[in-house]
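As structure tokens, the structure follows; a few thoughts come after it.
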Amino acid sequence: MRHLDLSDNDFDKDAFGILGALPSLKFLSLELNRIEGPLSNQGLTSFRHLESLDLSGNNFASIPPSIGALSSLKALFLAKNNLNGSLPIQGLCKLKKLEELDLSQNCFEGILPPCLSNLTSLKFFDISLNQFTGNISSSLFGSLNSLEYISLSHNRFEGLFSFRSFANHSNLEVVELISDNDKFEVETEFTDWIPMFQLKVLVLSNCNLNKLSGDVPKFLLYQNKLMAVDLSHNNLTSSFPNWLLVNNTRLAYLALQNNSFVNLFFLPQYCYISTYDIDVSDNHLSGQIQANIGDMFPNIQSLNLSRNAFEGGIPSSFVYRTSLTNVLSKLPKLYFLDISNNYMSGEIPSSMDNMTSLGTLIMRNNSFNGDFPCALVPSVFMDISYNSFSGSILPSCSNPNLQHLKHMHLQGNKFTGLISRALLNSSYLLTLDIILETTSFLAAFLIPLDYCPTSEILLFRGNQLSGSIPIQLCQLNKMSLMDLSNNYFNGSIPPCFGNITFGTIRANDLAFSEMSMYSFSSVGLKFGGLSDLSFLYHYDHSNYDKVDEVEFVTKSRSSSYIGKILNNMSGLDLSCNELTGNIPFELGNLSSVHALNLSHNLLTGPIPKTFSNLIQIESLDLSYNSLSGNIPTELINLNFLEVFTVAYNNLSGKILDSKAQFGTFEANSYEGNPFLCGPPLEKSCTAIVDSPHLPKTVSLDETEGKWYDIDLVAFSASFVGTYITFLFGFVAILYINPYWRQRWFYLIEEGLYSSYYFVSDSLCKILRLLY
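The working numbering runs 6 ahead of the 1-based position in the sequence shown.
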């Protein structure tokens, strides 16, 4: 037997003892098994004829030096094995016939050993996602002229690396170098070198590329087979390299984000490019977007022009293009479009067909106005916030994308009227963030919400909404973030809010994730296929899905939550309304909620003892209400509480002991409650109690009747009774005793005359001064 594939099983390291009976093996794969611990020398020495060994996806502790005994080995794959320490020089450097070496996604550290330069047959070399340090010696790769693929990304290299090391590598097709620190530099600008290679993939991201000049590598002028280029996060300052797109007709992916490119994003008029993905965000590009840009990129799937200085409107070729037969046809593949944070304005063309291919549309922070066209609604993510769109929100929209929309951000516009039923008729809707400019009654448009029970984020803050909070909201049992703050809601808090999960379900159902915006797939990397090496680009639409981001007030500040963090965040904000009545004890059922804000309302009654069940609570704000009674001692068990405030209420009694989380709260958490006492307030909880023998100071906790406890009912009754008794007693005295009755009337008469003469004299003096 010469070929054995045992990948994706449950073998352990004892398998090597059994496989030792097959000394003629040339190809062995034990990828994705459960082999743990160090490889034994005895297990490897049996395979002297082995040419390809794949042990990736296991859990080896180290590579034994005896691996050097595999003198016939041409391909070695040890990725994802939790290997650590420095590279085993005595073993690896003896494999002179090695053509493929994959050590990626381990924990190797230290410098790259110089003896790797002896592996002159090496074609594929991947050490990405490790912890290698030190400088990359130019001589290390200078002798590896057979290299076709090299990946050094995500390590801790420092110093300057000269790209001239690859000048004589005529077979080189892929170079990938992404730095994880700011101490590594790559220099490509040398006058005495001419590259012999034609690259297909070049990734030089966050590596201080040409730090002194800020220029795009000039050797790229001579490259015409590029399929993917990533020069992002390098602070390149030259003009936008339009020639990269013109010279490389097969260029599928171009990433130039987070640089300082200037001037226009302009291409020759009759240039047709097969690019699928362009990201030029976070630059200084200006001017209007080319009118026929949609015609130049007929295959475009993702276009990111955000955070620049583009002006003008959306080119008509984005939404339709005129063919030679004057037939309108929309771009069939455009899935991701981000033009946010620019200076674009005007109305969006409305004469278009539905763009059913569009999955993500981000237009926030521009100056677009007019009606938002139904045809531009994407199928997954829409953010048109902070523009000047007006009119009704998508009335009678029949775009099928609306049925599948997951995330919708509409706040900061000038929309008026009610939200249409069609907008809320999506069974996939997770996020709805909207601020209306006109006053509306929430129940008028929340009736359709039972059609989208999957909604997890509902942000209706600052909408001038009034009336009672609709109980339809309780049907959204998967809700995790709900913000109804800064409105005019009145009435009581619906007790059924205690039945909403607020994060309980999401722990097992991760709805929000972070997508990689691109990925490469290699064909022929395994041994036997290197002669036909080619690289393909993944065009999976899920790679373009925008990571959702929302703002929510917690811990007394507004924070942005993005991507996977949203899976772990839950909260309810009903602050700044006119809610009355007691806090429902059912809110204590929200065991997974992280933030609860009921401040700035008219709530009364005690703090529910059931709040002790809020075991995940981090921020609890009950300030600026009329709550009464003591602070429940059960709250001392809230171990994750970071922000707690009950300021400006009518609470009484002793503040909870300064232990656990309650030892971290300052006086401003309790101020405005005149009958609270104890640290951190200056008011002490002690009083003087009179004794028939000797005055004694005792703690008020030891007294049965606490002076600081007030029964409002008894107090009001005694006050009214006293007032009525005094009034009737006074009237009775005047009625019975005529002398005192006469004196009382004389007193009133004297007061009236005195007041009259005082006012009269004062007016005369003022008139004399005026005239």
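Quick reminder that beta carbons are idealized off the backbone N, C-alpha and C, glycines included.
When you compare the CB positions of Asn407 and Leu364, do they come within less than 8 Å of one another, or not? Here residue 407 corresponds to residue number 401 of the sequence shown, with the count starting at 1. Here residue 364 corresponds to residue number 358 of the sequence shown, with the count starting at 1. Between Asn407 and Leu364, the CB-CB gap stays under 8 Å.
Check whether the Cβ atoms of Phe387 and Thr366 sit closer than 8 Å, and answer yes or no. The count along the sequence shown starts at 1 and reaches residue 387 at position 381. The count along the sequence shown starts at 1 and reaches residue 366 at position 360. The answer is yes: Cβ separation under 8 Å.
Per DSSP, cross-strand counterpart(s) of Phe421: Counting from one through the sequence shown, the residue named residue 421 turns up at place 415. In the DSSP output, where bridge partners are listed per residue, Phe421 has Gly397.
For the beta strand (DSSP E) containing Asn603, list its first residue and its last residue. The count along the sequence shown starts at 1 and reaches residue 603 at position 597. Note, Asn603: beta strand (DSSP E), Ala601 to Asn603.
Compute the beta-carbon to beta-carbon distance between Asp663 and Ile642, rounded to the nearest angstrom, for a pair I have assumed lies under 8 Å. By one-based count along the sequence shown, residue 663 stands at place 657. By one-based count along the sequence shown, residue 642 stands at place 636. Rounded to the nearest angstrom, the Cβ distance from Asp663 to Ile642 is 7 Å, consistent with a contact under 8 Å.
Here's a check: name, in chain order, each residue in its chain whose Cβ is nearer than 6 Å to the Cβ of Asn65, leaving out the five neighbours to either side. Mapped onto the sequence shown, residue 65 falls at position 59. Closer than 6 Å at the Cβ level, and outside the excluded window around Asn65, lie Glu42 and Asn88.
Which runs of the beta strand (DSSP E) spanning at least 3 residues fall entirely within the segment 209-269, listed in chain order? 234-236 and 259-261
Start-end ranges of the alpha helix (DSSP H) lying completely within the segment 52-123, minimum 4 residues: 95-98
Report yes if the C-beta distance between Leu101 and Leu135 is below 8 Å; otherwise report no. As a first step, residue 101 is located in the sequence shown; it is residue number 95 there, counting from the start. As a first step, residue 135 is located in the sequence shown; it is residue number 129 there, counting from the start. For Leu101 and Leu135, no; Cβs fall outside 8 Å.
Could you tell me the distance, in whole angstroms, from the CA atom of Leu820 to the CA atom of Lys339? Nothing can be reported for residue 820: it is not among the residues displayed for the chain, which extend from 7 to 777.
Whose C-beta lies closer than 7 Å to the C-beta of Ser697 among residues of the same chain, with five residues either side of it excluded? As a first step, residue 697 must be located in the sequence shown, where it is residue number 691. The pLDDT assigned to Ser697 is 39, lower than 50, so where the model puts this residue is not dependable, and the model offers no usable value.
Contact defined as beta carbons within less than 8 Å: I believe Ser38 pairs with Met7. What is the distance between those atoms, to the nearest angstrom? As a position in the sequence shown, residue 38 is number 32, starting the count at 1. As a position in the sequence shown, residue 7 is number 1, starting the count at 1. Here the sequence assigns Leu to residue 38, which means Ser is not the residue at that position. Rounded, the Cβ-Cβ distance is 21 Å, inconsistent with contact.
For Ser351, the three-state DSSP class (helix, strand or coil): The residue given as residue 351 occupies position 345 in the sequence shown. Of the three classes helix, strand and coil, the one that applies to Ser351 here is strand, per DSSP.
Runs of alpha helix (DSSP H) wholly within the segment 706-769 (minimum 4 residues, chain order): As far as the segment 706-769 is concerned, its whole alpha helix (DSSP H) runs of at least 4 residues are 718-742.
Cα separation between Leu706 and Pro685? Position 700 of the sequence shown holds residue 706. Position 679 of the sequence shown holds residue 685. Bear in mind that a pLDDT of 43 at Leu706, under 50, signals an unreliable position, so the model cannot answer this.
How is Asp301 classed by DSSP in three states: helix, strand or coil? The residue you call residue 301 lines up with position 295 of the sequence shown. Reduced to three states, the DSSP call for Asp301 is helix.
Ser168 lies in the alpha helix (DSSP H); which residues open and close that run? Here residue 168 is taken as the residue at index 162 of the sequence shown, counted from 1. Where Ser168 is concerned, there is no enclosing alpha helix (DSSP H), although the beta strand (DSSP E) it sits in stretches over Gly165 to Ser168.
With 16 as the cutoff for other CB atoms within 10 Å, does Ala738 come out buried or exposed? Within the sequence shown, the letter at position 732 stands for residue 738. Label assigned to Ala738: exposed.
Grouping DSSP H, G and I as helix and E and B as strand, with all else coil, what is Ser675? Walking along the sequence shown from the start, residue 675 turns up at place 669. The answer is helix: DSSP assigns Ser675 an H, G or I state.
So for Gly669, helix, strand or coil by DSSP? Here residue 669 is taken as the residue at index 663 of the sequence shown, counted from 1. Note: Gly669 maps to helix in three-state DSSP.
Residue environment, Glu755, which counts as buried when at least 16 other CB atoms sit within 10 Å: Sequence index remark: in the sequence shown, residue 755 carries index 749 (1-based). Looking at its Cβ environment, which holds fewer than 16 other Cβ atoms inside 10 Å, Glu755 is exposed.
Length of the line joining the Cα atoms of Asn603 and Leu490: Numbered from its first residue, the sequence shown carries residue 603 at position 597. Numbered from its first residue, the sequence shown carries residue 490 at position 484. One C-alpha to the other measures close to 10 Å.
Going by alpha carbons, who is nearest to Phe17 out of Arg54, Ile637 and Leu61? Reading the sequence shown from its first residue, position 11 is the one you call residue 17. Answer by Cα proximity: Leu61.
Per-residue DSSP class, three states only, for Ala27: By 1-based counting over the sequence shown, the position of residue 27 is 21. Coil, per DSSP.
Please state the DSSP three-state secondary structure of Leu516. In the sequence shown, the residue the question calls residue 516 occupies position 510. Unreliable placement is indicated for Leu516, whose pLDDT of 45 sits below 50; the coordinate value is still reported in the next sentence. Coil at Leu516, not helix or strand.
Could you check whether Leu237 and Leu262 sit closer than 8 Å to each other, using their CB atoms as the reference points? By 1-based counting over the sequence shown, the position of residue 262 is 256. By 1-based counting over the sequence shown, the position of residue 237 is 231. Yes, the pair counts as a contact, with Cβ atoms nearer than the cut-off.
If you check the beta carbons only, do Ser396 and Thr422 fall under 8 Å apart? Within the sequence shown, numbered from 1, the residue matching residue 396 stands at position 390. Within the sequence shown, numbered from 1, the residue matching residue 422 stands at position 416. Yes.
Is it buried or exposed for Cys770, if we count other Cβ within 10 angstroms and need 16 for buried? In the sequence shown, counting from the first residue as 1, residue 770 sits at position 764. With fewer than 16 Cβ atoms within 10 Å of its Cβ, Cys770 is classed as exposed.
Would DSSP call Ile477 helix, strand or coil? For the purposes of this step, residue 477 is identified with residue 471 of the sequence shown, where counting begins at 1. Three-state result, Ile477: helix.
Alpha-carbon to alpha-carbon, Glu182 and Leu158: The residue labelled residue 158 in the question sits at position 152 within the sequence shown. The residue labelled residue 182 in the question sits at position 176 within the sequence shown. Answer to the nearest angstrom: the Cα atoms are 6 Å apart.
Is it true that the CB of Ser597 sits closer than 8 Å to the CB of Leu620? Taking the first residue of the sequence shown as 1, we reach residue 620 at position 614. Taking the first residue of the sequence shown as 1, we reach residue 597 at position 591. Closer than 8 Å, so yes.
Residues of its chain near Leu215, where Cβ-Cβ distance is below 6 Å and the 5 sequence neighbours each way are ignored: Locating residue 215 in the sequence shown gives position 209, where the first residue counts as 1. Cβ neighbours of Leu215 beyond the five flanking positions: Val192 and Asn240.
Going by alpha carbons, who is nearest to Tyr278 out of Asp288, Leu578, Ile306 and Asn264? Indexing the sequence shown from 1 puts residue 278 at position 272. Among Asp288, Leu578, Ile306 and Asn264, the Cα nearest to that of Tyr278 belongs to Ile306.
If distances are taken between C-alpha atoms only, which option among Phe303, Ser266, Ser152 and Leu227 comes closest to Leu291? As a working note, residue 291 is residue 285 in the sequence shown. The residue with the shortest Cα to Cα distance from Leu291 is Ser266.
Check each candidate in Ser658, Ser461 and Thr639 and name the one with the smallest Cα separation from Gly611. By one-based count along the sequence shown, residue 611 stands at place 605. Taking only the C-alpha atoms, the option nearest Gly611 is Ser658.
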